[in-house]
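Comments concern the structure below.
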Amino acid sequence: MRSVQWWFWPHPRPLVDRFGPEFFRQLPAGPGIYLLCGPAEGVLYVGKAKNLRRRLSSYRVANPDRFPRRIIRLLCRVTRIEWDECADEAAAAYREEMLIAVLQPRFNSAGNVWPKRL
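Structure below.
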């Protein structure tokens, strides 16, 4: 039998509480990159999207059933979201890779090279 956790309160919505629902409606629907920024740490995460509106809207509700704890911690720290539209997905992927290499955001781990354990 599969265990299920019941929630007594609605899932937190840190981005909607901070930016309001209108923020997500006005986002562009094309490809691009986005930066999730914190108050003191600067850029926390760099991501790319085929559709910026749909991708950033997926972060509206910090649902623990959908997101790992690491992403929920990230969403609770975000105080500013910046984005840049790109001509196509390839341009967005290239720009994301360059920004991650230069900025080395704390919550981007895919591009990190970890030392091997002996």
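In this text, residue positions in the sequence shown follow this note's numbering: the first is 0, and each later residue adds one. For glycine and all other residues, C-beta sits at the position ideal for the given N, C-alpha and C.
Beta-carbon gap between residue i and residue j smaller than 8 Å
| i | j | result |
| --- | --- | --- |
| Phe106 | Arg69 | yes |
| Tyr33 | Ile71 | no |
| Ser56 | Phe18 | no |
Spatial neighbours of residue i in its chain, beta-carbon cut-off 6 Å, leaving aside the 5 residues before and after
| i | result |
| --- | --- |
| Ala28 | Asn50 and Arg52 |
Extent of the continuous alpha helix (DSSP H) run through residue i
| i | result |
| --- | --- |
| Val101 | Glu88 to Leu102 |
is_contact[residue i, chain B] using C-beta, thresh 8 Å
| i | result |
| --- | --- |
| Leu102 | Protein chains in the displayed structure number just one, and chain B is not present. |
The ligand COA heavy atom lying under 7 Å from the CB of residue i
| i | result |
| --- | --- |
| Leu26 | This structure lacks the ligand COA, and indeed carries no ligand of any kind. |
Residues near residue i in its chain [Cβ-Cβ closer than 8 Å; skip 5 each side]
| i | result |
| --- | --- |
| Glu40 | Arg76 and Arg105 |
Cβ-based neighbour list, residue i, same chain, cut-off 7 Å, excluding 5 preceding and 5 following
| i | result |
| --- | --- |
| Arg124 | With the chain running from 0 to 117 in the structure shown, residue 124 is simply not present. |
Classification of residue i by the beta-carbon crowding that lies within 10 angstroms, buried from 16 upward
| i | result |
| --- | --- |
| Ala89 | exposed |
| Leu98 | buried |
Span of the beta strand (DSSP E) around residue i
| i | result |
| --- | --- |
| Arg79 | Arg79 to Glu84 |
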